[in-house]
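Visitor:
There are 2 protein chains.
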Amino acid sequence: MHYTLLTTDSATGARRGTIQTAHGPVETPVFMPVGTQATVKTLDPRDLHAEDCRILLANTYHLYLRPGHEIIRDLGGLHRFMGWDRAILTDSGGYQVMSLAALRRLTEEGVAFQSHLDGSRHTLTPERAVEIQLALGVDILMALDECPPHAADYAYHAASMERTLRWAARCRVAHSSDEPALFGIVQGGTFPDLRARSAEETRRIGFTGYALGGLGIGEGAAAMYAIVEDTTALLPDDAPRYLMGVGTPQDLLECIARGVDMFDCVLPTRNARNGTLFTAAGRLNIKGAVHARDERPVDPGCACYTCRHFSRAYLRHLYVADEILGLRLNTIHNLHYYLDLMRQARQAIEAGCFAAWKDTTLARLRAEPSTSQDGQETHNDV
Amino acid sequence: MHYTLLTTDSATGARRGTIQTAHGPVETPVFMPVGTQATVKTLDPRDLHAEDCRILLANTYHLYLRPGHEIIRDLGGLHRFMGWDRAILTDSGGYQVMSLAALRRLTEEGVAFQSHLDGSRHTLTPERAVEIQLALGVDILMALDECPPHAADYAYHAASMERTLRWAARCRVAHSSDEPALFGIVQGGTFPDLRARSAEETRRIGFTGYALGGLGIGEGAAAMYAIVEDTTALLPDDAPRYLMGVGTPQDLLECIARGVDMFDCVLPTRNARNGTLFTAAGRLNIKGAVHARDERPVDPGCACYTCRHFSRAYLRHLYVADEILGLRLNTIHNLHYYLDLMRQARQAIEAGCFAAWKDTTLARLRAEPSTSQDGQETHNDV
Numbered sequence: 116m117h118y119t120l121l122t123t124d125s126a127t128g129a130r131r132g133t134i135q136t137a138h139g140p141v142e143t144p145v146f147m148p149v150g151t152q153a154t155v156k157t158l159d160p161r162d163l164h165a166e167d168c169r170i171l172l173a174n175t176y177h178l179y180l181r182p183g184h185e186i187i188r189d190l191g192g193l194h195r196f197m198g199w200d201r202a203i204l205t206d207s208g209g210y211q212v213m214s215l216a217a218l219r220r221l222t223e224e225g226v227a228f229q230s231h232l233d234g235s236r237h238t239l240t241p242e243r244a245v246e247i248q249l250a251l252g253v254d255i256l257m258a259l260d261e262c263p264p265h266a267a268d269y270a271y272h273a274a275s276m277e278r279t280l281r282w283a284a285r286c287r288v289a290h291s292s293d294e295p296a297l298f299g300i301v302q303g304g305t306f307p308d309l310r311a312r313s314a315e316e317t318r319r320i321g322f323t324g325y326a327l328g329g330l331g332i333g334e335g336a337a338a339m340y341a342i343v344e345d346t347t348a349l350l351p352d353d354a355p356r357y358l359m360g361v362g363t364p365q366d367l368l369e370c371i372a373r374g375v376d377m378f379d380c381v382l383p384t385r386n387a388r389n390g391t392l393f394t395a396a397g398r399l400n401i402k403g404a405v406h407a408r409d410e411r412p413v414d415p416g417c418a419c420y421t422c423r424h425f426s427r428a429y430l431r432h433l434y435v436a437d438e439i440l441g442l443r444l445n446t447i448h449n450l451h452y453y454l455d456l457m458r459q460a461r462q463a464i465e466a467g468c469f470a471a472w473k474d475t476t477l478a479r480l481r482a483e484p485s486t487s488q489d490g491q492e493t494h495n496d497v
Numbered sequence: 116m117h118y119t120l121l122t123t124d125s126a127t128g129a130r131r132g133t134i135q136t137a138h139g140p141v142e143t144p145v146f147m148p149v150g151t152q153a154t155v156k157t158l159d160p161r162d163l164h165a166e167d168c169r170i171l172l173a174n175t176y177h178l179y180l181r182p183g184h185e186i187i188r189d190l191g192g193l194h195r196f197m198g199w200d201r202a203i204l205t206d207s208g209g210y211q212v213m214s215l216a217a218l219r220r221l222t223e224e225g226v227a228f229q230s231h232l233d234g235s236r237h238t239l240t241p242e243r244a245v246e247i248q249l250a251l252g253v254d255i256l257m258a259l260d261e262c263p264p265h266a267a268d269y270a271y272h273a274a275s276m277e278r279t280l281r282w283a284a285r286c287r288v289a290h291s292s293d294e295p296a297l298f299g300i301v302q303g304g305t306f307p308d309l310r311a312r313s314a315e316e317t318r319r320i321g322f323t324g325y326a327l328g329g330l331g332i333g334e335g336a337a338a339m340y341a342i343v344e345d346t347t348a349l350l351p352d353d354a355p356r357y358l359m360g361v362g363t364p365q366d367l368l369e370c371i372a373r374g375v376d377m378f379d380c381v382l383p384t385r386n387a388r389n390g391t392l393f394t395a396a397g398r399l400n401i402k403g404a405v406h407a408r409d410e411r412p413v414d415p416g417c418a419c420y421t422c423r424h425f426s427r428a429y430l431r432h433l434y435v436a437d438e439i440l441g442l443r444l445n446t447i448h449n450l451h452y453y454l455d456l457m458r459q460a461r462q463a464i465e466a467g468c469f470a471a472w473k474d475t476t477l478a479r480l481r482a483e484p485s486t487s488q489d490g491q492e493t494h495n496d497v
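Line by line, the protein sequences are chains A and B.
Quick note: the first sequence uses the numbering used here, first residue 116, plus one each step.
Quick note: the second sequence uses the numbering used here, first residue 116, plus one each step.
1. Is Glu166 of chain B close to chain A? Criterion is C-beta to C-beta, closer than 7 Å.
2. What does the alpha-carbon distance come out to for the pair Ala326 of chain B and Ala283 of chain B?
3. Compare the C-beta of Glu438 of chain A with all C-beta atoms of chain B and state if any pair is closer than 7 Å.
4. Which residues in the same chain as Ser235 of chain B place their Cβ atom closer than 7 Å to its Cβ, once the five residues preceding and following it in sequence are excluded?
5. Counting only the same chain and skipping the five closest in sequence on each side, list residues whose C-beta sits under 7 Å from that of Leu399 of chain B.
6. Using beta carbons (cut-off 7 Å, strictly below), is Leu190 of chain B in contact with chain A?
7. Here's a check: name, in chain order, each residue in its chain whose Cβ is nearer than 6 Å to the Cβ of Met257 of chain A, leaving out the five neighbours to either side.
8. Where does Thr123 of chain A sit, in a helix, a strand or coil, going by DSSP?
9. To the nearest whole angstrom, what separates the beta carbons of Arg309 of chain A and Ala270 of chain A, a pair I think is in contact under 8 Å?
10. Checking the sheet assignment: what are the DSSP bridge partners for Asp379 of chain A?
11. Starting from Met377 of chain B, find everything on chain A with Cβ-Cβ shorter than 7 Å and list it in chain order.
12. Say whether chain A places a C-beta atom closer than 7 Å to the C-beta of Ala428 of chain B.
13. What span of residues does the beta strand (DSSP E) with Gly324 of chain B cover, start to end?
14. In terms of alpha-carbon separation, which member of A:His164, A:Ala336, A:Ile300 lies closest to Arg319 of chain A?
15. Is it buried or exposed for Pro415 of chain A, if we count other Cβ within 10 angstroms and need 16 for buried?
16. Can you list, in chain order, the residues of its chain whose CB lies under 6 Å from that of Glu261 of chain A, leaving out five sequence neighbours each side?
17. Ile203 of chain B: which of B:Arg219, B:Arg285, B:Thr238, B:Leu163 sits nearest, CA to CA?
18. Considering only their Cβ atoms, is the gap separating Met457 of chain A from Ala296 of chain A smaller than 7 Å?
19. Consult DSSP for Ala314 of chain A and reduce its assignment to one of helix, strand or coil.
20. Alpha carbon to alpha carbon, how far is Gly374 of chain B from Thr133 of chain B?
21. In the DSSP assignment, what residue or residues form a beta bridge with Asn400 of chain B?
22. Use the C-beta contact count for Val253 of chain A: other C-beta atoms within 10 angstroms, 16 or more gives buried, fewer gives exposed.
23. Please name the residue, chosen from A:Pro355, A:His177, A:Leu158, that lies closest to Thr421 of chain B on a Cα-to-Cα basis.
24. Taking 7 Å as the CB-CB cut-off, is Glu185 of chain B touching chain A?
25. Buried or exposed: which applies to Gln462 of chain B, given that a residue is buried once 16 or more other Cβ atoms fall within 10 Å of its Cβ?
26. Which residue wins for smallest C-alpha separation from Ala407 of chain A, given the options B:Ile187, B:His177, B:Thr127?
27. Answer with buried or exposed for Gln135 of chain B, where buried requires no fewer than 16 other C-beta atoms within 10 angstroms of its C-beta.
28. Distance check for Gly321 of chain A and Glu166 of chain B, CA to CA, integer angstroms please.
29. Comparing the C-beta of Pro182 of chain B with each C-beta of chain A, is any distance below 7 Å?
30. Please report how far the alpha carbon of Asp124 of chain A lies from the alpha carbon of Asp379 of chain A, in whole angstroms.
31. Just the C-alpha distance for Ala137 of chain A and Cys168 of chain B, rounded to the nearest angstrom, thanks.
32. For Gln248 of chain B, which of B:Leu350, B:Asp455, B:Ala216, B:Glu185 has the nearest alpha-carbon?
33. In or out: Asp268 of chain A buried (at least 16 other Cβ within 10 Å) or exposed?
34. Find the nearest neighbour of Gly329 of chain B within the set B:Leu442, B:Tyr357, B:Leu349, judged by alpha-carbon distance.
35. For Tyr340 of chain A, which residues in the same chain have their Cβ closer than 6 Å to its Cβ, ignoring the five residues on either side in sequence?
36. Please list the terminal residues of the continuous beta strand (DSSP E) segment that includes Leu171 of chain B.
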């Protein structure tokens with residue numbers, strides 16, 4: 116994997132770049148749809164190609180448990196398994212172990228847990244996380260980290276961050292190459308000194324890219340933006356920066372302005388399945404009776420398949436009638452919205468007008484809440 | 116609507132024809148996928164176009180109750196509502212009223228019932244059935260009939276059939292045109308004399324096409340095939356014949372051989388969602404652990420999107436993981452199987468080798484059960 120920084124916005128920290136992977140180029144800033152169980156829910160690879168999606172996220176924890184990384188490896192790797200010929204990034208599995216698995220026990224060695232599916236016992240260590248992701252054959256691996264609860268105190272965050280650093284070093288020993296890429300993860304909660312130490316030490320270990328973890332989990336938008344701004348300033352210019360599990364359209368634009376290159380979040384796909392659709396003018400709840408006779412598309416300015424062919428009335432009918440096609444058409448629309456938003460952001464950076472474009476776009480969105488206020492699990496789409 | 120009989124097979128009763136509708140030509144014999152609630156479950160119109168599907172069936176009862184035929188009419192009709200530019204046939208709603216609705220009361224006037232959705236009270240009469248279907252704006256309407264249980268006695272079948280004839284005459288008065296087309300329905304259970312009288316009198320009323328109702332509901336394959344053979348012989352050559360709610364691949368081939376032109380059934384779509392896939396060698400249950408590491412497609416000889424891109428192992432994973440994409444890929448495969456089977460049947464009739472092709476195809480399928488032994492509701496896909 117090779118990252119090329121093409122432009123840095125003069126008025127903000129926004130960056131335009133390209134990540135060259137073994138499965139094609141990824142233009143940044145980029146939003147990565149979440150394909151937890153080797154599928155972006157309701158979509159097939161043609162749909163993702165139609166949106167010019169270049170990179171997906173898949174969840175190591177889920178695929179390790181089912182169908183199992185060795186089965187995927189034996190079948191030729193995750194790309195072949197799910198029929199996806201472009202880039203894939205996997206998380207380390209650590210976040211899901213802590214949020215989904217039963218009877219977790221965290222030690223210096225790693226984390227022992229029981230599967231949420233069948234109660235079977237497993238241990239995830241830094242070395243094991245790398246091994247599983249290598250077996251999946253993805254383009255970008257994430258180092259194993261601990262993501263403490265937002266409410267944990269300073270002492271917990273400090274000790275956890277130090278352990279995450281030791282785990283990061285073990286991951287780097289387990290996989291020292293840039294191909295596939297391994298990203299380190301900066302932790303430290305909302306404590307600037309912990310974030311600074313984490314960023315510096317993670318950088319000292321040396322990774323192909325750097326992620327910001329433990330954000331968008333309840334700390335609030337202002338705190339998140341401040342940590343993002345401070346942290347990206349401590350990361351190398353010549354490596355991509357990935358803000359994990361974030362966020363709303365507003366979060367994306369504010370964090371692009373603070374130097375983030377990569378995002379993932381379940382919001383567009385999960386909200387689609389809940390009937391909440393993103394538009395240039397804010398969110399729209401397709402369930403509402405007000406749409407029953409509305410022949411307009413969800414967003415008159417949207418070029419997605421759903422908006423080009425179907426009315427709000429039809430989408431509402433499908434939702435009310437529990438029809439799977441509704442979930443799918445909603446997902447197509449929401450992902451188009453997110454990927455198009457990022458396309459516009461890239462163009463604005465190239466054109467040197469990112470700040471003005473961002474202000475205009477956010478004004479039209481009115482009062483979008485921040486991911487960190489949504490209070491939902493945003494790191495895997497189940 | 117205009118039907119042209121192109122060829123009749125010399126060795127069997129198989130017919131090759133074309134139905135010209137206001138929404139394009141339909142080559143017969145044809146299988147119509149079931150789109151109960153204005154969607155063939157899990158598929159969008161692009162998927163159906165990809166399979167060269169020319170005509171769909173939708174269920175009047177469901178659309179009348181939700182979203183309501185007047186809403187669909189006001190939004191430009193069912194084609195526009197669901198984004199489908201080819202032909203649509205609707206049933207009359209009578210079958211669903213008798214099988215789904217609560218507190219049904221059948222009189223000479225029609226059938227009073229309560230909605231299975233909200234308990235609201237409605238009355239479906241022959242005139243109302245026509246009115247609703249005209250409001251939907253479909254290409255082929257069905258007359259209101261009663262489909263008695265298979266186990267009903269001779270006296271019940273006789274009286275019911277006579278009432279269905281009177282209802283058919285009232286439907287014809289309510290809609291006397293060929294555009295859109297109105298089909299009459301032959302009833303009479305498994306009693307040859309009742310079927311004969313029903314066929315003759317329905318023909319005397321005069322419809323654009325003729326359906327065989329009340330079959331595939333438990334009478335057994337041999338009885339069904341016998342009734343089909345006897346009944347089609349009494350119907351005009353220059354009108355299409357439609358066997359409602361049937362059936363398995365074997366049923367389709369046996370009934371094409373007995374002069375049927377049109378079929379609909381939920382088997383391919385519902386079975387897909389249950390993980391049962393049709394192949395040239397018979398059915399395959401994708402849930403089985405035997406498929407966990409199987410990199411072969413469902414059917415190596417199949418050209419559908421699913422078989423061209425995904426392994427049995429992936430489809431099994433999606434099924435076990437409750438992923439919607441699995442239901443969708445399975446549906447694409449099963450519908451491809453059905454539509455391709457009909458394409459092959461048409462080619463065989465044209466080539467003058469239908470009987471031999473049918474025997475070979477059935478031998479490869481081994482012992483497929485008949486629809487009438489499946490014991491499931493096959494007339495609407497919910």
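Ideal Cβ placement from N, Cα and C applies to all residues, glycine included.
Just so it is clear, the structure is predicted and the values come from calculations on it, not from any experiment.
Guide: To lay it out plainly:
1. Position 51 of the second sequence holds residue 166 of chain B. Closer than 7 Å: no.
2. Position 211 of the second sequence, counting from 1, holds the residue named residue 326 of chain B. Position 168 of the second sequence, counting from 1, holds the residue named residue 283 of chain B. When rounded, the distance between both Cα atoms is 12 Å.
3. Position 323 of the first sequence, counted from the start, is the residue given in the question as residue 438 of chain A. Closer than 7 Å: yes.
4. Here residue 235 of chain B corresponds to residue number 120 of the second sequence, with the count starting at 1. Within the same chain, Ser235 of chain B has close Cβ partners Gln229.
5. Taking the first residue of the second sequence as position 1, residue 399 of chain B is located at position 284. Around Leu399 of chain B: Leu392, Val413.
6. As a first step, residue 190 of chain B is located in the second sequence; it is residue number 75 there, counting from the start. Chain A contact via Cβ: present.
7. Here the question's residue 257 of chain A lines up with position 142 in the first sequence. Counting only Cβ-Cβ distances below 6 Å, and skipping sequence neighbours, we find Asp206, Ser207, Phe298.
8. For the purposes of this step, residue 123 of chain A is taken as the residue at position 8 of the first sequence. Of the three classes helix, strand and coil, the one that applies to Thr123 of chain A here is strand, per DSSP.
9. Within the first sequence, numbered from 1, the residue matching residue 309 of chain A stands at position 194. Within the first sequence, numbered from 1, the residue matching residue 270 of chain A stands at position 155. Arg is not the amino acid found at residue 309 of chain A; the sequence shown has Leu there. Contact flag wrong, Cβ pair sits at about 11 Å.
10. Within the first sequence, the letter at position 264 stands for residue 379 of chain A. Partner(s): A:Met147.
11. For the purposes of this step, residue 377 of chain B is taken as residue 262 along the second sequence, with counting starting at 1. Within 7 Å Cβ-Cβ: nothing; Met377 of chain B doesn't reach chain A, min ~24 Å.
12. Indexing the second sequence from 1 puts residue 428 of chain B at position 313. It does; some Cβ of chain A falls within 7 Å.
13. Here residue 324 of chain B is taken as the residue at index 209 of the second sequence, counted from 1. First-last of the beta strand (DSSP E) with Gly324 of chain B: 324-327.
14. Translated into the one-based positions of the first sequence, residue 319 of chain A becomes position 204. Ranking A:His164, A:Ala336, A:Ile300 by Cα distance to Arg319 of chain A puts A:Ile300 first.
15. Counted from its first residue, the first sequence places residue 415 of chain A at position 300. It is exposed - the Cβ of Pro415 of chain A has fewer than 16 other Cβ atoms within 10 Å.
16. Residue mapping note: residue 261 of chain A aligns to position 146 of the first sequence, counting from 1. Answer for Glu261 of chain A: Ser275, Thr279, listed in chain order.
17. In the second sequence, counting from the first residue as 1, residue 203 of chain B sits at position 88. Nearest of B:Arg219, B:Arg285, B:Thr238, B:Leu163 to Ile203 of chain B, Cα basis: B:Leu163.
18. In the first sequence, counting from the first residue as 1, residue 296 of chain A sits at position 181. In the first sequence, counting from the first residue as 1, residue 457 of chain A sits at position 342. It is not a contact, given that the beta carbons lie outside the stated cut-off.
19. By 1-based counting over the first sequence, the position of residue 314 of chain A is 199. Helix, per DSSP.
20. In the second sequence, residue 374 of chain B corresponds to position 259, counting from 1. In the second sequence, residue 133 of chain B corresponds to position 18, counting from 1. Spanning the two alpha carbons is a distance of roughly 14 Å.
21. For the purposes of this step, residue 400 of chain B is taken as residue 285 along the second sequence, with counting starting at 1. According to DSSP, which records beta bridges pairwise, Asn400 of chain B is partnered with B:Thr391.
22. Along the first sequence, one-based indexing puts residue 253 of chain A at 138. The residue in question, Val253 of chain A, is buried, as its Cβ has 16 or more Cβ neighbours within 10 Å.
23. Translated into positions along the second sequence, residue 421 of chain B becomes position 306. Residue A:Leu158 is the option with its Cα nearest to Thr421 of chain B.
24. Taking the first residue of the second sequence as 1, we reach residue 185 of chain B at position 70. It does not: the Cβ of Glu185 of chain B has no partner Cβ on chain A nearer than 7 Å.
25. Against the second sequence, residue 462 of chain B aligns to sequence position 347. Looking at its Cβ environment, which holds fewer than 16 other Cβ atoms inside 10 Å, Gln462 of chain B is exposed.
26. Numbered from 1 along the first sequence, position 292 holds the residue referred to as residue 407 of chain A. Nearest C-alpha to Ala407 of chain A: B:Ile187.
27. Locating residue 135 of chain B in the second sequence gives position 20, where the first residue counts as 1. It is exposed - the Cβ of Gln135 of chain B has fewer than 16 other Cβ atoms within 10 Å.
28. If you number the second sequence from 1, residue 166 of chain B lands on position 51. If you number the first sequence from 1, residue 321 of chain A lands on position 206. The straight-line gap from Cα to Cα measures roughly 52 Å.
29. For the purposes of this step, residue 182 of chain B is identified with residue 67 of the second sequence, where counting begins at 1. Yes, Pro182 of chain B counts as interfacial toward chain A.
30. By 1-based counting over the first sequence, the position of residue 124 of chain A is 9. By 1-based counting over the first sequence, the position of residue 379 of chain A is 264. Using only the alpha carbons, I get a separation of about 22 Å.
31. Numbered from its first residue, the first sequence carries residue 137 of chain A at position 22. Numbered from its first residue, the second sequence carries residue 168 of chain B at position 53. Answer to the nearest angstrom: the Cα atoms are 39 Å apart.
32. Against the second sequence, residue 248 of chain B aligns to sequence position 133. The candidate whose alpha carbon is nearest that of Gln248 of chain B is B:Glu185.
33. On the first sequence, position 153 is the one that residue 268 of chain A refers to. Answer is exposed; the Cβ neighbour count stays below 16.
34. The sequence position of residue 329 of chain B within the second sequence is 214, counting from 1. Ranking the options by Cα distance to Gly329 of chain B, first place goes to B:Tyr357.
35. Residue 340 of chain A sits at position 225 when you count from the first residue of the first sequence. Hits under 6 Å: Glu369.
36. Counting from one through the second sequence, the residue named residue 171 of chain B turns up at place 56. Note, Leu171 of chain B: beta strand (DSSP E), 170-173.
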